[in-house]
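Only one structure is covered here, and it is reproduced in the block below.
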Amino acid sequence: MALCLKIVNSYTLPMKSSAHTSLPPWLTIVGRVPFFCCLAIVGLLIALGHNFKEVNDLKEIAFDIAFLDFLHKVIPEAMAPFWIKVYKGTGVELTATMIAITLGFLAWKRYWSEIKYLVFATLGILLVIDQVLKPFFNRTRPLPRLVDVDGRSFPSGHAAGGVVFYFYLAFLLAAHFPQYRWQIYLGATLWVGFIGIASMYCRVHWATDILAGYGVGFIWLTLSLFLLKREKPDVYLKSQ
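In structure tokens:
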């Protein structure tokens, strides 16, 4: 919890000018906590990456199997239709519609930098996940599944895309409505958490797919917000 609070503060609270700190300017913009979190995520993916490739032995994914079984035990079967709707409702079609609406609103407000980096964030994470990471790891999805989907499993594009889009949007809202920043970030956290639970409950992804998706999404979000804050420091990097 303390780490989560530090990350939110790094993104949302006013920051001291780089003239009054020994940190490099780029690290002042990124924030120390997000930066070291990104390093930790990269380190874990490198160290454990061999465990996430094509499944040849069920013993290799004992944790993932046990967690999906646990999830189906604690969530009543009567709630299955709800989680299926959550998964389908957070798919490409609805997310693309929400992105289009957001882009339209930002264009109406003439927030051109925000538009540019929203496109960079959402399109970039799609390419990174689908064109680079999934083909590289080539991991099979769980069976049997409650939803008919194809493609590779690791890392979860649902989870990564959710982190990037909803937290980018939360960042913009929190910057313009700082009095509601905790409510905004709490809402984004709960919604992205729901996306992860739905993906696992529907047996579309393993638990480690979701965790890795969150991690990769966080790295890409951090990069996107760094570029935005660097371009508009007067709005997103206010001096104390």
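Take the position in the sequence shown, starting the count at 1, then add 3; the result is the number in the working numbering. Using N, Cα and C, we set each Cβ at its ideal position, and we do this for glycine too. These numbers were taken from a predicted model, which means no experiment stands behind them.
Cβ contact annotation for Ile32 (same chain, cutoff 6 Å, sequence separation greater than five): Phe229, Lys232 and Arg233, in chain order. With a 10 Å radius around the Cβ and a threshold of 16 neighbouring Cβ atoms, Pro28 comes out exposed.
At a Cβ-Cβ threshold of 8 Å, Lys56 and Arg144 do not count as neighbours. Leaving aside the five residues that flank Ala191 on each side, the residues in its chain whose CB is nearer than 6 Å to its CB run, in chain order, Tyr169, Phe170 and Ala173. Per DSSP, the unbroken alpha helix (DSSP H) holding Arg35 starts and ends at Arg35 to Leu51.
Bounds of any alpha helix (DSSP H) do not take in Gly154, whose DSSP letter is neither H nor E. Here Thr143 carries a coil assignment [DSSP, helix/strand/coil]. The continuous alpha helix (DSSP H) containing Ile87 extends over residues Ala83 to Gly92. In this structure, DSSP gives Ser227 a helical state, which the three-state scheme calls helix. Its Cα nearest to that of Ala163, the residue Val131 stands out among Leu109, Val152, Gln182 and Val131. For Leu47 against Ile87, the beta-carbon gap comes to about 31 Å, at or over 8 Å, which does not count as contact. Spanning the alpha carbons of Trp209 and Ala201 requires a straight line of approximately 11 Å.
Around the C-beta of Leu175, 16 or more other C-beta atoms lie within 10 Å, and the residue is accordingly described as buried.
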